[in-house]
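Asks: Residue numbers (our numbering), protein chains in the order written: chain A, 2 to 343; chain B, 199 to 477; chain C, 31 to 367.
Take a look at the following structure, please.
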Amino acid sequence: MTSRDAPMPAAAAPVSATLTGGERPTLEARNLTLSIRLGQRMAVVVRDASFTIAPGEVFALVGESGSGKSVMARSIMRLMPPSVVQMEGELRLGDVDLIGADPRRLRGLRGNRMSMIFQEPMTSLNPLMTVEAQIDEIIKVHRGGSEQQRRERILGLLADVQFARPAQVAKMFPHELSGGMRQRAMIALALANDPALLIADEPTTALDVTIQQEIMEILMRLRQSYRLSVLFISHDLSLVYRYADSIGVLYGGVMVEQGAAREIIRTPRHPYTKALLDCIPRARRPGERQAGIEGSVPRIDDWFTGCRFAPRCAYRQADCAEREIPLQVTGEGRNARCLYPL
Amino acid sequence: MQRMQWLDLKFIVGVLCLGSVVFLAAFGTILSPHDAGEQNLLMALEPPWNFAEGHVLGTDHLGRDILARMTSGARVSLAIAGAVVVISGVVGVLIGSLSGYLSGTRDMVIQKVVETFWAFPPVLLAIAVLAFLGQSLGNVIFALALQRWIPYCRIARAQALTIRSKEYIAASRIMGGGTVWVLRRHVLPNVMASAIIVATFTMATAILAESSLSFLGLGVPPSVPTWGGMLAEGRSYISRAWWLAVFPGLGIFVTVLGLNLLGDWARDQFDPKPGINLV
Amino acid sequence: MLRAIVYRILGSIPVLLLVAFGIFALLRLAPGDAASALAPEDATEADLERLRAQWGLDRPLPVQFLYFLGNVARLDFGQSYRYHAPVSELIAERLPATLELAVIALLAATLVAVPLGIVTALRKGSIVDAFGSLVAVLGVSAPSFWIGILLVLLFSAHLNLLPSSGRLPLASPLAPGTGFYLIDSLVQGQFATFRQALVQMILPAATLAFSMIGIITRISRSALIDVGQEEFVTTAVAKGLEPAAIVRRHLLPNAAIPIATIIGLELGVLISGSIIVEVVFAWPGIGSLLYQAVTVRDIPLTTGIVVTYTLIFILINIAVDLIYTILDPRLRSGRAV
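Okay, structure coming up:
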């Protein structure tokens, strides 16, 4: 029996590859739809995204530029004001409703229960404050404690991100640090209050390849020691598949495939995922060309009927462009938004 | 919604202000039956709104019609400022484009010259020029343009530097396109938008400067009525005749305000900055 | 950092020379024969002789330039025709008046304009912003001499509240000191004189401040908005900080440096821009002195004042540059950002 014959549920329950029974997910999104203000009207950027992240799980959200992943990351942190981004659906951090929470509540959560690190370490730190001062600030706001306690915590954090001389680094200004060092300082900052969730928005994209490795290792080690859930945003599947527990593939604002990382990589069920995997540069036989994907990502507010990927899909069928594509369960804890999963 | 309204208001008010001054310059002589230099001591220091004698804005201490003199002042200010803007604009864009495009030592030398011109305090340089070289219309325009070419130079140079590093320029040079061609086709069109914005602000400062010079008696020859000159002459009589102080200054103010508003509006269109988001 | 300072000063030498040459060129480009063209009609033969000796007018041009440089270096511009006193003395006597007025005006303008600029930036697009921007554009558009005259008309002529000219009444008991009356009167314990000096300053300073408020408001607003776009502000929000704390600890300190820099630069512009205000209010500074000198073609005096203004302007710019280098920790260590 092929997937063509099976009845399709309208919206599948969100999956998490590592959620154990009874445990509350760290982050849960159901039918999350994000619309952004473009001039006078609202344009839908992400539609009907559903996923969960369990405690200690690394969830990689993969997509090209224009897929909506950055808007997603910032919206989860509630960094965008309601006048710019409208959020519909459900989004919960533990038991807290993120969409309905008032600004005061959100401020209490940011930097405390959920933290974020950004893509550009060069510009993400206040150039006029020392590393110590910037970490001290986040601790003071949420935890307090005596000066001594805070200082100890800061040094401990800096050691955790593998600074050989934490006391020295603490007194330095951002411009005295290299890109990799700044990113590590940002990680220390983000983990200062033991958050449940760390959102990493392409943290290694702006860094050298060797440094990338370092940062990923540090993040993974910290995930263990801090029992941290990580939402890792990236455009680079090759970077992500070594470290992620689960992967969600975002295309044109739609979550096209989700599931355990190993399975997705080994047997991709959505044509886009397969195409992405094919694009990863690797040793090729002589004569074999580097693969690419023909065509380009749909524009931000161009919501044509049918599958978002259909215009570029090598496996498309006639009805792919004609109807709404529902989620299809494609295995244990995985799904794909495709009429004809591979 | 509130934002858009403010922007549109700038444009509307700006056009109204500038428009009324241009209208005055163009049609003022029709509106007033008197000549700007026509003295009539019997009618000296007449208050405004005197429609019977045709002195809508009153007369000065020599009985000369204020409206007629205002018209002359409008023409002088607009003409001089216009000339200054055109000359400084052309010179500035040319020098800037060349400087940026040629790059290297030649650029450095030119930039040193720019720095030198920029090192003079603004109004002072104009005063010095007129003090040493004498007063004439040409000298006034020269004095005012002496520093105003620099903003144009800067934007043109920035554009030229950007263009220079683009690969297609290397390609077109290989194909035989000369410096002039590159400048005309690639640098100039991109500079136009910024140059127009610079022009509005430059014209505003030029009018302020020219009226300041006229006020000091350093502008065009005193026989030509200027707004600044009218203010200087009327200064001793203002306790008796407030219109001698209010109208000429109002002329300068409205013109400059119009230009500034339009310049602001134009800049907002091309380079709108988002607000601060602190959520 | 010392290296940066030395480099900066050395780097301004070519410009200084070129500036000096520019003034020299203006001086020599005056139409007609050297000495008599540069002198007023009532100049005596002795005056003309002095001119020739001072500026080396019968020597070849390059030598004349050296004479000129020498004079500038020694701040010796010869004798004024009109006042029959050394130019440098006349300037030294009246310079404090100009500086005092400029500084007070700038202080007043800053105290009003910086908060206004900040508030309009934080409430961009609101009524407050519209109001603040209105004030700013009015300040920048109104000619200072007009504002001055209107103020005199209102407060002196009609309301008779404030004096319309001068620095202190003639019968003032103030003894010579620094030349800065506000300082001198306090030092000498003459509080009535202090109050009087302040009152005399209100209208001219307000006139000067009016246009300054326009410029400084716009700059403050612009600087704050620019800082608001920086990534570290997003980081600060992600930390869960209150908006007030973000403004206080992240926005303002980073905006302060560019704002302070530009205000410092405006001081230079203000000093030479005060010429008009000095004339309107008969304020005894070098601005009104320049006006008188130009009117009677007193070339030594004119040259001296022009050089003085230019020197002050250049020195202020260099000083602001250096202070900026010191303030910004990014530049302090000499490393690029």
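Note that CB positions come from ideal geometry on N, CA and C, so glycine has one too.
When the cut-off is 8 Å and only beta carbons count, does histidine 236(A) lie next to chain C?
Replies: no
Asks: Out of curiosity, what's the CA-to-CA distance linking isoleucine 54(A) and isoleucine 216(A)?
Replies: Taking the straight line from one Cα to the other gives about 21 Å.
Asks: Which stretch, first to last residue, makes up the alpha helix (DSSP H) that contains leucine 282(C)?
Replies: 282-310
Asks: Can you find a C-beta in chain C that's less than 8 Å from the C-beta of methionine 78(A)?
Replies: yes
Asks: What in chain E is Cβ-close to glycine 415(B), meaning under 8 Å?
Replies: No chain E is part of this structure, whose protein chains are labelled A, B and C.
Asks: Can you list, in chain order, the residues of its chain whose CB lies under 6 Å from that of glycine 244(C), leaving out five sequence neighbours each side?
Replies: Ala166, Gly169 and Val170
Asks: Does DSSP classify proline 15(A) as helix, strand or coil?
Replies: In this predicted model, proline 15(A) has a pLDDT of only 49, less than 50, meaning its place in the structure is not dependable enough to derive any value.
Asks: State the Cα-Cα distance for the pair aspartate 159(C) and glutamine 214(A), rounded to the nearest angstrom.
Replies: 48 Å
Asks: Quick check: what's the CA-CA separation for threonine 424(B) versus arginine 383(B)?
Replies: 41 Å
Asks: Using DSSP with H/G/I as helix, E/B as strand and the rest coil, what is asparagine 458(B)?
Replies: In the structure shown, asparagine 458(B) sits in a helix (DSSP, three-state: H, G or I).
Asks: Using three-state DSSP, classify threonine 398(B) as helix, strand or coil.
Replies: helix
Asks: For alanine 189(A), does the count of other Cβ atoms within 10 angstroms reach 16, so buried, or fall short, so exposed?
Replies: buried
Asks: Considering only their Cβ atoms, is the gap separating leucine 214(B) from alanine 479(B) smaller than 8 Å?
Replies: Because chain B in this structure spans residues 199 to 477, residue 479(B) falls outside the shown range and cannot be described.
Asks: Closest by CA to leucine 33(A), which one among Val72(A), Glu138(A) and Phe60(A)?
Replies: Val72(A)
Asks: With H, G and I counted as helix, E and B as strand and the rest as coil, what does DSSP make of valine 254(B)?
Replies: coil
Asks: In whole angstroms, what is the alpha-carbon distance linking phenylalanine 119(A) and aspartate 303(A)?
Replies: 28 Å
Asks: Closest by CA to proline 173(C), which one among Pro231(B), Thr398(B), Phe468(B) and Val444(B)?
Replies: Of Pro231(B), Thr398(B), Phe468(B) and Val444(B), the residue nearest in Cα terms is Val444(B).
Asks: Mind checking which residues open and close the beta strand (DSSP E) that includes arginine 31(A)?
Replies: 28-39
Asks: What separation, rounded to the nearest whole angstrom, lies between the Cα atoms of valine 220(B) and alanine 272(B)?
Replies: Straight-line measurement puts the Cα of alanine 272(B) at about 8 Å from the Cα of valine 220(B).
Asks: Suppose you measure from the CA of serine 302(C) to the CA of proline 320(B); what does that come to, to the nearest Å?
Replies: 8 Å
Asks: Measuring straight from C-alpha to C-alpha, what distance separates leucine 273(C) and leucine 476(B)?
Replies: Residue identity check: residue 273(C) is proline in the sequence provided, not leucine. For proline 273(C) and leucine 476(B), the distance between alpha carbons rounds to 6 Å.
Asks: Please decide whether arginine 365(C) counts as near chain A, where near means a Cβ-Cβ distance under 8 Å.
Replies: For arginine 365(C), the pLDDT reaches just 43, beneath the cut-off of 50, and the residue's location in the model is therefore unreliable, leaving the point undetermined.
Asks: Please give the ranges of any alpha helix (DSSP H) in the region 162-203 of chain A, keeping only runs that are unbroken, at least 4 residues long and fully inside the region.
Replies: 167-171 and 180-191
Asks: Can you find a CB in chain C that lies within less than 8 Å of the CB of glutamate 138(A)?
Replies: yes
Asks: Using a threshold of 8 Å, state whether the C-beta atoms of proline 245(B) and glycine 252(B) are closer than that.
Replies: no
Asks: Aspartate 462(B): buried (16+ other C-beta within 10 angstroms of its C-beta) or exposed?
Replies: buried
Asks: What three-state label does DSSP hand leucine 152(C) in the structure shown?
Replies: helix
Asks: Determine which residues share a DSSP beta bridge with isoleucine 118(A) and list them.
Replies: Within the DSSP secondary-structure output, isoleucine 118(A) pairs in a beta bridge with Ala201(A).
Asks: Which chain A residues sit within Cβ distance under 7 Å of leucine 254(C)?
Replies: The premise fails here: leucine 254(C) is roughly 15 Å from chain A at the closest Cβ pair, so nothing lies under 7 Å.
Asks: Return the Cβ separation of leucine 92(A) and methionine 115(A) in integer angstroms, given the expectation that the two are a contact with Cβ distance under 8 Å.
Replies: With a Cβ gap of about 11 Å, leucine 92(A) and methionine 115(A) do not count as contacting.
Asks: Give a yes or no on whether the minimum CB-CB distance between glutamine 200(B) and chain C is below 8 Å.
Replies: Reliability fails at glutamine 200(B), whose pLDDT of 36 lies under 50, so the model's placement of it is uncertain and no value is given.
Asks: By DSSP, does proline 116(C) sit in helix, in strand, or in coil?
Replies: strand
Asks: In or out: alanine 11(A) buried (at least 16 other Cβ within 10 Å) or exposed?
Replies: No answer about alanine 11(A) holds up, because its pLDDT of 37 lies below 50 and its placement is not dependable.
Asks: Please state the DSSP three-state secondary structure of valine 298(A).
Replies: coil
Asks: Would glycine 260(A) and cysteine 280(A) qualify as a contact pair, given that the criterion is a beta-carbon distance under 8 Å?
Replies: no
Asks: Going by DSSP, name the residue or residues bridged to glycine 192(C).
Replies: In the sequence under discussion, the amino acid at residue 192(C) is leucine, which differs from the glycine named in the question. DSSP lists no partner for leucine 192(C).
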